[in-house]
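Keeping their order, the protein sequence lines are chains C and U.
Going by the working numbering, the first residue of the first sequence is number 3, and it counts up by one from there.
Going by the working numbering, the first residue of the second sequence is number 87, and it counts up by one from there.
No residue lacks a Cβ here, since even glycine has one placed at the ideal position from N, Cα and C.
Below: the structure, in structure tokens.
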Amino acid sequence: MNPPLEEAGASAVPEPPRAIGDPPVKPVFINLPSGKPLTSKEASSLIRATGSPLVLLAGEVGSGKTTLLASLHDAFQFEARGFGGYIAAGSSTLLGFEERCFDSRAASGAGEPHTIRTNFDDGHLFYHLRLRDHELKQPAKDIVFADMSGEFYERALDSADEMRELTIITRADHFVLLVDASKLQANKNRAHTRATALMLMRRCFEEKMLNKGSKVDILLTKWDLVLARLGEEDAGTFLAGYLRFFQDEYAQKVRRVTVIPVAARPYSESRLPLGYGLGALLHKWLQEPRALFEQADRQMPVPALTSSFDRFALVEAPQLYEVPNG
Amino acid sequence: MASLRKLLVIGLPEAGKSTFIAALYHVAESGEVKGSLKLKRISSDAKHLNALRREWLKFEHATRTIPDAEQSVSMLLEEPDAHSIGEIVFPDLSGETFNEDQWRDRHWSPEYEALVNEADSILLFVHIGMVREPYTIADIQKIAQAALPEETDVQYRSESISADSKEAKAKTEAASTIEGWAKESQETDSIHWSADLVCTQVKLVGLLQFLVPYVEKRAPIRVGVLLSAWDLEKVTEKGVRVDPYVWLSKRLPYLHQFLRAHEAIFSTQVYGVSAQGGDLEKDQDKLAECEPASERIIIQGAQCAAHDITEPVRWALGLREPA
């Protein structure tokens with residue numbers, strides 16, 4: 003049985019200061035879990051308690067990382083059957099998801115949907131879903147997503163040191179690279195978008211953040227726009243080309259690589275449903291064995307333990323790190 | 087003799103909690119509904135219950151319970167065969183306690199925590215006319231395109247709009263609410279996110295999640311979901327309303343999923359209930375013709391006899407099963 007959600011956060015509000023001799027004051031309120039995105043420490047505790055996989059969303063600014071997260075929450079809001087063969091069994095980060103979804107909701111009063119981008123100053127944010135198979139044959143499963151601003155990745159492109167700071171990449175069970183397919187398809191942006199994606203992957207390999215044990219999913223995002231521009235047949239050819247391209251590049255370098263077109267939040271006239279492509283991914287992330295249980299031979303770098311992600315990784319998988327004595 | 091039984095009553099503001107208690111008290115005390123639970127003895131302190139009942143009998147809206155006026159009410163109930171089932175306690179808490187203290191401000195009082203620890207069962211109220219939907223901007227754009235086809239040139243419009251015309255109709259009905267939001271937006275430039283603006287089903291899941299660590303050890307705990315203002319649900323050509331369970335699955339699918347996923351913790355039964363029986367302004371003359379007064383009550387759900395608003399309590403307390 004999974005441990006209860008949101009248990010860890012409950013604590014009494016600290017007592018206000020009182021004068022010597024005053025009788026003890028009972029706390030007026032008892033705090034409940036915040037519902038906001040988890041800190042690295044909270045995420046670590048949750049992962050340890052539940053054995054949930056950690057999915058890291060990577061990609062440049064505007065590639066759709068936060069929109070994908072918001073859609074994973076939104077996709078469960080509209081049908082009793084849930085989404086992708088799963089039903090929602092709760093979340094420790096409901097408020098965090100809702101805030102991310104708000105600007106795509108009618109309640110926001112906005113004319114066009116968009117998602118609040120994750121700021122660099124937000125640091126690293128973790129979101130949690132608890133899901134159960136629709137048939138109720140298995141107990142509920144937990145999954146944790148790590149989101150951070152695309153600026154982190156842009157800095158990592160410029161600096162090996164910055165890349166080595168992102169030790170969360172070595173810790174993630176699934177490294178998910180989001181590439182804006184609508185830019186890949188457009189002549190003006192194609193070369194830059196492809197080069198940036200390839201460079202990020204290369205940097206990850208060179209700094210040993212990814213290796214032969216890694217599982218990599220390359221998501222071609224905003225697929226609805228590609229379909230609208232090219233039509234189904236040409237979009238299929240476009241996809242097949244990139245499937246071959248990425249397979250040729252990475253199949254020998256990682257445990258497995260998949261290339262999947264997704265449309266997390268299709269534009270209103272699109273025939274694609276909300277969360278197109280994400281159902282199968284969710285299933286894969288939840289069903290595949292976790293990296294720690296199948297990769298005893300992974301070669302890990304020895305990072306400088308300075309960032310919050312380092313601390314997170316150290317707590318989560320101390321055996322993978324050489325901690326300096328003293 | 088059975089001892090004290092406690093029902094935890096949960097609901098957002100104006101969800102119908104107090105009106106339900108008023109009608110329940112009337113039915114139990116008056117004995118007007120055959121087969122209902124009955125009041126064995128009037129409580130020594132019946133002031134709050136009597137006030138609620140008086141408003142109900144006079145077709146007045148129940149005075150909203152405000153945080154400072156929260157109190158527990160208790161009824162000593164018995165089965166129709168005079169078998170006592172003991173004293174049932176209903177904390178009549180304000181919706182703000184749930185919407186603001188718990189959901190928005192993320193805390194509850196030690197007294198409420200004690201209630202959670204002691205509760206035998208839960209009654210969860212949802213006003214079907216006050217559901218905040220999670221509609222996306224894309225949904226609204228589709229509705230607009232469907233309404234104004236000549237102004238759009240949409241390649242996939244016919245495929246993208248739901249084939250289910252009933253669903254489209256339901257969304258169109260909801261459009262008036264959304265227009266209100268849009269108007270609000272124009273007046274205020276933009277609406278900033280706050281926890282208050284979260285849709286109803288997510289809030290209710292959030293409130294239930296808080297309970298899980300407390301009730302899990304004595305699971306399953308019964309949760310009666312009461313869909314209040316059930317008179318608003320249209321009667322079909324066959325003369326019946328939709329099954330309340332089906333309503334829940336269609337209108338609050340996220341809550342429905344959560345309850346299903348946690349069926350080992352929350353044993354759920356869904357009821358449609360209109361304690362007032364109709365709109366107090368538009369339908370008052372018709373409601374006043376009901377004789378006895380309990381006949382204005384609408385209740386729908388498993389094993390519900392006509393007008394027997396005590397049935398959800400009976401189910402929640404497990405009184406249908408042999409001792």
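With 16 other Cβ atoms within 10 Å as the buried cut-off, status of residue i
| i | result |
| --- | --- |
| U/Lys-228 | buried |
| U/Thr-151 | buried |
| C/Arg-258 | exposed |
| U/Gly-310 | buried |
| U/Arg-304 | exposed |
| U/Ile-351 | buried |
| C/Asp-124 | exposed |
| C/Thr-239 | exposed |
| U/Lys-372 | exposed |
| U/Asn-185 | buried |
| C/His-194 | exposed |
| C/Gln-254 | exposed |
| U/Gly-292 | buried |
| U/Glu-219 | buried |
| U/Gly-102 | buried |
| U/Gln-389 | exposed |
| C/Ala-45 | buried |
| U/Glu-146 | exposed |
| C/Ile-220 | buried |
| U/Ile-226 | buried |
| C/Ala-242 | exposed |
C-beta neighbour in chain C for residue i, strict 8 Å
| i | result |
| --- | --- |
| U/Tyr-111 | no |
| U/Arg-382 | no |
| U/Leu-283 | yes |
| U/Ser-195 | yes |
| U/Gly-292 | yes |
| U/Val-288 | yes |
Amino acids of chain D, ordered along the chain, whose beta-carbon sits closer than 9 Å to that of residue i
| i | result |
| --- | --- |
| C/Asp-76 | Within the model displayed, chain D is absent; protein chains C and U are what it includes. |
Cβ of residue i within 8 Å of any chain U Cβ
| i | result |
| --- | --- |
| C/Gln-254 | no |
| C/Ala-82 | yes |
| C/Ser-47 | no |
| C/Asn-189 | no |
| C/Ser-329 | Here chain C covers residues 3 to 328 and nothing more, so residue 329 of chain C does not appear. |
| C/Leu-96 | yes |
| C/Phe-248 | no |
| C/Ala-108 | yes |
| C/Leu-168 | no |
| C/Phe-240 | no |
| C/Arg-205 | no |
| C/Thr-140 | It is Gln, not Thr, that sits at residue 140 of chain C in the sequence shown. It does not: the Cβ of C/Gln-140 has no partner Cβ on chain U nearer than 8 Å. |
| C/Glu-251 | no |
| C/Leu-34 | yes |
| C/Ala-51 | no |
| C/Ile-145 | no |
Which residues DSSP lists as bridging residue i, in chain order
| i | result |
| --- | --- |
| C/Trp-225 | Answer by DSSP bridge pairing: none, since C/Trp-225 is not bridged. |
| U/Ile-208 | U/Leu-94, U/Val-309 |
| U/Gly-358 | U/Leu-313, U/Gln-386 |
| C/Tyr-129 | C/Phe-147 |
| C/Pro-263 | C/Leu-222 |
| U/Pro-177 | U/Ser-158 |
| U/His-134 | Paired residue(s): none; U/His-134 is not in a bridge. |
| C/Tyr-88 | C/Phe-85, C/Asp-135 |
| C/Asp-182 | C/Thr-223 |
| U/Thr-222 | C/Arg-107 |
| U/Gly-172 | U/Leu-163 |
| C/Ala-60 | C/Leu-179 |
| U/Arg-127 | U/Leu-162 |
| C/Tyr-278 | C/Ala-265 |
| U/His-213 | U/Ser-314 |
Integer-rounded CB distance, given that residue j should sit under 8 Å from residue i
| i | j | result |
| --- | --- | --- |
| C/Val-178 | C/Leu-59 | 5 Å |
| C/Ile-262 | C/Leu-232 | With a Cβ gap of about 17 Å, C/Ile-262 and C/Leu-232 do not count as contacting. |
| C/Leu-227 | C/Ser-270 | Not confirmed; about 12 Å, so no contact. |
Is the region 335-344 of chain U in contact with the region 73-90 of chain C, if contact means three or more CB pairs nearer than 8 Å?
yes
Check whether the region 91-107 of chain U touches the region 170-179 of chain U, counting contact only when three or more Cβ pairs, one atom from each stretch, lie closer than 8 Å.
yes
I'd like to know if the region 117-129 of chain U and the region 389-397 of chain U are in contact, where contact means that at least 3 CB-CB pairs between them fall below 8 Å.
yes
Touching by the beta-carbon criterion (3+ pairs, under 8 Å), the region 322-331 of chain U and the region 279-294 of chain U:
no
Evaluate the contact criterion for the region 56-72 of chain C versus the region 100-109 of chain C: three or more CB pairs, one atom per stretch, below 8 Å.
yes
Is it true that the region 185-194 of chain U meets the region 375-386 of chain U, where meeting means three or more beta-carbon pairs spaced less than 8 Å apart?
no
Is it the case that the region 196-205 of chain C contacts the region 159-168 of chain C, given that we only count it when at least three CB pairs across the two stretches are under 8 Å?
yes
Should the region 101-113 of chain U be regarded as contacting the region 359-366 of chain U, the criterion being three or more beta carbon pairs within less than 8 Å?
yes
If we count Cβ pairs, one from each stretch, closer than 8 Å, do we get three or more for the region 45-57 of chain C versus the region 141-160 of chain C?
yes
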